[in-house]
Every structure is written in C-alpha cells, then in structure tokens.
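A.B. asks:
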Amino acid sequence: MEKGDYDASVSKAVSRLQSSPKNSEALGVLPAAFNFALQDHLTKIDEAKASIDVYKWEAVMYNYQKINQLVDEINSCPACLTVVPKPIKYIDELAESRLNSGIARYNSGLIFLNQNTRVSAKKAYYEFEKSQNLAPNYKDAVAKMDDAYWAAVTRIVVQPIMINSSYYKLSGDYFQQQIDNFIGNYSRNKFVIFYSEQQATKQKIVPDQVLSLNFDDFVVGQTYVKERVERLKRDSVIIGETRERKPVYGTVKANLSVFEKNISSSGLLDLTITDWQSKKVVRKQKFPGTYIWKDSWASYKGDDRALSNQQLAMTRRKETIPPPPDVLFLEFTKPIYNQLVDDISYYYNNY
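With the first letter of the sequence shown counted as 1, position 144 gets the number 143 in numbering that gives the first Met the number 0; the numbers rise by one all the way through.
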C-alpha cells in the first residue's frame, strides 16, 4: 500500500483474512487500501472521460472492471466485510462504458471502411469485430464486418502446371494435387483466399492476383556409371599344408572392380505472381530440386580370401533395376514442393 499498489494490497489483505480471519495487520490495512484503490480508479475514470481519445471508454470500462473485481474479492471474505461493509459495485456504469466502447469501435470501423483500401478494410474488420465483442448486435456491425472482410480479402487464382510430356503426366498430376491440397487447406491468413482455375470460373471470381507455376526445365534419368578397380592382397593366409599336415602361409591376391551408378533427376520450378489489374509481376521466385538414385555392386578376379567381408558382400550384390522415370520425376519435385509452400506461406501469412 505504501508503494501505491492499492489493488495488490487489497488482494493480499483479503487473502490473509480468508486464511486467518483475525489477522490484525490485514484488518487494519484493508479499509484504507480499498479506499485508496477506489479513489484511484474513480480518478482515472474521470480523467479518461475528459480526454479526447477515441477509445477512452475502454479505459473507463477497464477501471470499473477493476473496482468490481475488488468488491467481489471482499464479498467472498466474511472477515473482510466486518471492516469494509457493503462495498458498492458499479454494474450499470460498467455496462454503459462497455456499450460506449463498442459504439466507438463501430464508428472507427466505418471511418476505416470508407477509406476504400484493402489495408483500411482489414483494420475496419477488426474494429467491427471488437465492436461485436463489446456491444453484441449493435446496429449492423455484423454486416459491416462482413463487408470489411470481403473488401480486405486478396483473391488469388492458381494456374495449373503445364507439363508437355504425357510420359510424366501421372507424376505431374500428383505434384499438382499436392499443391491443390495446400492451397485448399491454407488458413494462416484469413484475408487470403486461393482458388483453382476451375473454382474461379465456376464461382465467377475476379482475381486480385494470378499465381502461375511452370518448370523452366527438367531432366530425368541422367545416368553415370563409375568403375573403380582395387588390387588387393593379404599376407599370412593359409594356402596349403605340408606332408606333416602343418599349415603353409602365403599371400593371396585379387582384383576388385567396384561399380557405382548414379541416376540424377532435377528440375527448376518458376513461381510468378501477377497483379490482375496492372499485369505487373509482384513476385518471382525459382525453386530447384534434385534427386539422385544410387546403386553399387562389385565383382572380383583372383582369390576371394584377399577380400574383406564387406567387399565380399558387395560382390554378391546384383545390379538393381532403377525406379521408373515417373517415380524419379516425383522424387525431384519433393524438395521443390517444400520450398514452394514455405515461400507462399512466408509471402502471404501477413499479407
């Protein structure tokens, strides 16, 4: 209380009296603390009412709420009521300040909405939303909030990816389906709506922007085979035995041929976002993707005892049949998809 934190002083005194109703210090502090707190909030209320702040009624409402909260705390403590009898709650005053706060937010929303820009419409939406929370069903706040929302929304039509090869049509369709799922489930920013071309045509949507995706280039199945020959030998290997059946040690040799096959597939996807009205490109990004399928096997000539267990295992491995081209196509698009959705999210999340 001496530090001027009257609300905390009241709460602490109430807490002590709830656990110890005869606490003399708390009984002595509570009346003074409550009186100081009450006068402090009433002074702030008068100051707020006299100000020219558009949102002054929210300060008024906040202080009435604090007073009523303190009164509720005291009313929950029988010992407290012996020193602060019948504290008054400001119920009607709180209701009036809440209504006035809602009206102020509604009027502010109208001002923003009449500015006729997307940014101001977004501000108007939040003002009408706050108005609804403070003063439910005040005038046509719900309808105005809806008007502000659609004035703030950016409509984006996403054009399908064109792949001029029937060989990769299924993989291309799957990649497109992933993109369609992403834009269909996008919900990070309520003021951004994506449409497919079919949806836009069906709903007669006039877009604000057009997002197009095209592969600048892609190569599937570039094959590289490398052979590495290792000359191996191992000493102190039993190569026979004497007549006395004693082991004979010697050196064994072998030539190991290790084959490594890499099949590389890669592509470059171009993202272009164009303003529908001005036809100006507002964003352009490129996303590379690469997938390398690897296989290895070996063969040898000579004595297999010159080989390690790992080398010997490689010689027993056969050359693997690589995945078909449509699978390779799909694999190199996976890192492209991850980059693409991250970039779209980054660009539009706070748009």
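For each residue, glycine too, the CB sits at the ideal point set by N, CA and C.
Which residue comes first and which comes last in the beta strand (DSSP E) that contains Ile155?
C.D. replies: 153-157
A.B. asks: In angstroms with no decimal places, state the Cα-to-Cα distance between Glu196 and Ile160.
C.D. replies: 11 angstroms
A.B. asks: Just checking my contact of Leu37 with Ala25 at CB under 8 angstroms: how many whole Å lie between their CB atoms?
C.D. replies: Contact flag wrong, Cβ pair sits at about 18 angstroms.
A.B. asks: Can you name, in chain order, every residue of its own chain whose Cβ lies under 6 angstroms from the Cβ of Phe286, other than the five neighbours on each side?
C.D. replies: Leu268, Ile335, Gln338, Leu339
A.B. asks: Helix, strand or coil: how does DSSP classify Gln284 here?
C.D. replies: strand
A.B. asks: For Leu306 and Arg316, I'd like the C-alpha separation in whole angstroms.
C.D. replies: Rounded to the nearest whole angstrom, the CA to CA distance from Leu306 to Arg316 is 15 angstroms.
A.B. asks: Less than 9 angstroms between the beta carbons of Gly266 and Lys333, yes or no?
C.D. replies: Not a contact, by the Cβ cut-off of 9 angstroms.
A.B. asks: Between Ala297 and the ligand FMN, is there a pair consisting of the residue's CB and a ligand heavy atom that are separated by less than 8 angstroms?
C.D. replies: In terms of ligand content, the structure shown is empty, and the ligand FMN therefore cannot be addressed.
A.B. asks: Here's a check: name, in chain order, each residue in its chain whose Cβ is nearer than 8 angstroms to the Cβ of Ser75, leaving out the five neighbours to either side.
C.D. replies: Val13, Gln17
A.B. asks: Suppose only complete runs of 3+ residues qualify. What are the beta strand (DSSP E) ranges in the stretch 273-348, listed by chain order?
C.D. replies: 280-301
A.B. asks: DSSP beta-bridge partners for Val191?
C.D. replies: Thr153
A.B. asks: Please report the straight-line C-alpha distance between Arg227 and Lys260, rounded to a whole angstrom.
C.D. replies: 12 angstroms
A.B. asks: Report the option in Ile182, Gly220, Ser211 whose CA atom is closest to the CA atom of Ile272.
C.D. replies: Ser211
A.B. asks: Going by beta-carbon coordinates alone, are Ile110 and Ala123 separated by less than 9 angstroms?
C.D. replies: yes
A.B. asks: Which complete alpha helix (DSSP H) runs does the stretch 37-107 hold, if anything under 4 residues is left out?
C.D. replies: 55-74, 77-80
A.B. asks: Reducing DSSP to helix, strand and coil, say where Asp145 ends up.
C.D. replies: helix
A.B. asks: Should the stretch 297-311 be regarded as contacting the stretch 228-239, the criterion being three or more beta carbon pairs within less than 8 angstroms?
C.D. replies: yes
A.B. asks: Hey, out of Ala150, Ala103, Ala147, whose CA is closest to Ala134's CA?
C.D. replies: Ala103
A.B. asks: Helix, strand or coil for Gln114, going by three-state DSSP, please let me know.
C.D. replies: coil
A.B. asks: Starting from Glu226, trace the alpha helix (DSSP H) in both directions and tell me its first and last residue.
C.D. replies: From DSSP, Glu226 is part of no alpha helix (DSSP H) but of the beta strand (DSSP E) over 208-240.
A.B. asks: Compute the distance between the beta-carbons of Pro324 and Val219, then report whether it is under 9 angstroms.
C.D. replies: Going by C-beta atoms, Pro324 is nearer than 9 angstroms to Val219.
A.B. asks: In the DSSP assignment, find the alpha helix (DSSP H) that holds Asn163 and state where it starts and stops.
C.D. replies: Here Asn163 belongs to no alpha helix (DSSP H), and DSSP marks it neither H nor E.
A.B. asks: What does DSSP give as the partner residues of Ile262 in its beta bridges?
C.D. replies: The beta-bridge partner set that DSSP reports for Ile262 consists of Thr222, Trp292.
A.B. asks: Are Asn188 and Tyr345 closer than 9 angstroms when you measure CB to CB?
C.D. replies: In terms of Cβ geometry, Asn188 and Tyr345 do not form a close pair [threshold 9 angstroms].
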